[in-house]
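Everything below concerns the one structure shown next.
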Amino acid sequence: MPHDHHDHQHGPSPSGHPYRADNDGPLTYWQRMEIAVRELLVEKGHMTAAEISAQIDAMDERSPARGAAVVARAWSDPDFRAQLLEDASAAVRGFGLDIGPLNLIAVENTDRVHNLVVCTLCSCYPRDLLGLPPDWYKTRAYRSRAVFEPRKVLREFGVELPADTTVRVHDSTADMRYVVVPARPPGTEGMTEEALARLVTRDAMIGTGLAKRP
Amino acid sequence: MSDTDGRRWHDMGGQPAGPVVPEDHDFALWEKRVDALMVLCGRKGLFNVHGLRRALEDMGEDAFETMSYYERWIAATNQNLIETGVYTIAELAERMDEIATRGPSYGEAQTGAKDG
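So the sequence lines, in the order shown, correspond to chains A and B. The opening residue of the first sequence carries number 1 in the working numbering; numbering runs sequentially from there. The opening residue of the second sequence carries number 1 in the working numbering; numbering runs sequentially from there.
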């Protein structure tokens, strides 16, 4: 839910997260450390201010829309779907997305199986495909409970699965990230990839949500 | 949390915990900069994600409860850079003290930054 946003800002930011208004609060110890580390790295020639700005811009451009485009292609193209499930890193690179050195596994939801992604140890997340992880993904509550009571956690996201659905929980690591290919909703036959992609939410690709219905 | 079950504090999978509140927020500029610094340090071979992870895990549970996510990240980044010899603790302390004199807010503390 959006919170703490400026009165003059409406809706989510370009990254899809609500705005946060803390750039003008009192300078904190850790903010001073960030400034100091950044200045020292630049002064000692390890990186330039322009590189730092460019990296921020590159990260801001990474949003769940990238993942949604991949899912829409998988829904539309059986060969791509097969390749994605076989070797997601190669398939996504072949799709034209720069995902850096990311090792990616795609897991598919069906009418019998629901997949859920977590990082119990920290916050590992397919950030090159979905952007930075949401706050709740990094909380003790989600990290602790997703692996032993996933159905209860899913209910907290408003997702109620049939009792006979198999739930698989995938625990990410620094070296291996997962993305969920949500089940294609009924009533989407004949839709374009672009229209399909709009049904694919961030949470659907983490497994805490389902694809929207048209 | 004790380590008597053979697990360290960050190994939380399967532990009891409260409800998940599905909320999130955009990141402040200083947080985005911390993220960018970590990525660039990795790309330039100063340290890697496992160096970051080690420093985060060694901070212990108190840091998890009292510091925000990117506060922990800048602390871990700083620790790795000092260990690597990119700068010294004394250089860091001197710079942080000087930054404190620049102004009361993050935005104002950029003024006078030597890289512009």
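Positions of the beta carbon are idealized from the N, C-alpha and C atoms, including for glycine.
Does any residue of chain B have a CB that is nearer than 8 angstroms to the CB of residue 136 of chain A?
For residue 136 of chain A, a Cβ of chain B is located within less than 8 angstroms of the residue's own Cβ.
Residue 115 of chain A bridges to which residues according to DSSP?
Beta-bridge partners assigned by DSSP to residue 115 of chain A: A/168.
Would you check if the distance between the CB atom of residue 107 of chain A and the CB atom of residue 178 of chain A is smaller than 8 angstroms?
Yes; because the gap between Cβ atoms is below 8 angstroms, this pair is in contact.
Quick check: the Cα distance between residue 65 of chain B and residue 186 of chain A, rounded to an integer number of angstroms?
Cα to Cα, the separation comes out at about 43 angstroms.
In terms of DSSP beta bridges, what is residue 176 of chain A paired with?
BP columns for residue 176 of chain A point to A/173.
Which of helix, strand or coil DSSP assigns to residue 105 of chain A
Residue 105 of chain A falls in the strand class under three-state DSSP.
At least three beta-carbon pairs within less than 8 angstroms, the segment 71-83 of chain B to the segment 37-50 of chain B:
These segments touch.
Looking only at its chain, what residues have a beta carbon closer than 8 angstroms to the beta carbon of residue 108 of chain B, apart from the 5 residues adjacent to it on each side?
Cβ neighbours of residue 108 of chain B within its own chain (closer than 8 angstroms, five residues either side excluded): 102.
Could you give the distance in angstroms between the alpha-carbon of residue 25 of chain A and the alpha-carbon of residue 94 of chain B?
For residue 25 of chain A and residue 94 of chain B, the distance between alpha carbons rounds to 23 angstroms.
Alpha carbon of residue 146 of chain A to alpha carbon of residue 155 of chain A, nearest angstrom
Answer to the nearest angstrom: the Cα atoms are 11 angstroms apart.
Exposure of residue 211 of chain A, with buried meaning 16 or more beta-carbon neighbours within 10 Å:
Residue 211 of chain A should be labelled buried.
Going straight from the alpha carbon of residue 91 of chain B to that of residue 73 of chain A, what length do you get?
As the crow flies, the alpha-carbon of residue 91 of chain B is around 51 angstroms from that of residue 73 of chain A.
Which word fits residue 50 of chain B, buried or exposed, when buried means at least 16 other C-beta atoms lie within 10 angstroms of its C-beta?
Within 10 angstroms of the beta-carbon of residue 50 of chain B lie fewer than 16 other beta-carbons, which makes it exposed.
Looking at chain A, is there any beta carbon in it that lies within less than 8 angstroms of the beta carbon of residue 18 of chain B?
Closer than 8 angstroms to some Cβ of chain A, the Cβ of residue 18 of chain B qualifies, so yes.
Cβ-based burial, residue 24 of chain B [other Cβ within 10 Å; buried from 16]
Around the Cβ of residue 24 of chain B, a 10 Å sphere holds 16 or more other Cβ atoms; the residue is buried.
Going residue by residue through the segment 16-66 of chain B, where are the continuous alpha helix (DSSP H) segments of at least 4 residues, counting only ones entirely within it?
If only complete runs of 4 or more residues are kept, the segment 16-66 of chain B shows the alpha helix (DSSP H) at 29-43, 49-59, 61-66, in order along the chain.
Alpha helix (DSSP H) segment containing residue 156 of chain A, residue limits
Note, residue 156 of chain A: alpha helix (DSSP H), 150-156.
Check whether the segment 15-31 of chain B touches the segment 120-139 of chain A, counting contact only when three or more Cβ pairs, one atom from each stretch, lie closer than 8 angstroms.
At 8 angstroms Cβ cutoff, the stretches touch.
Under 7 angstroms Cβ-Cβ, which residues of chain B neighbour residue 47 of chain A?
Near residue 47 of chain A (Cβ distances below 7 angstroms), the residues of chain B are 40, 44.
Taking the straight line between their C-alpha atoms, what separation do you get for residue 76 of chain A and residue 191 of chain A?
Each residue's CA atom was taken as its position, placing residue 76 of chain A and residue 191 of chain A some 9 angstroms apart.
For residue 83 of chain A and residue 104 of chain A, I'd like the C-alpha separation in whole angstroms.
One C-alpha to the other measures close to 12 angstroms.
Using 8 angstroms as the limit for Cβ to Cβ distance, is residue 6 of chain B near chain A?
Not an interface residue.
Could you round the C-beta distance between residue 44 of chain A and residue 87 of chain B to whole angstroms and report it? I think they count as a contact, below 8 angstroms.
Taking C-beta atoms under 8 angstroms as the contact rule, residue 44 of chain A and residue 87 of chain B qualify, at a distance of about 7 angstroms.
Near residue 91 of chain A, what residues of its chain come up, given a Cβ to Cβ distance below 6 angstroms and the 5 sequence neighbours on each side ignored?
Excluding sequence neighbours, residue 91 of chain A sits near 83, 84.
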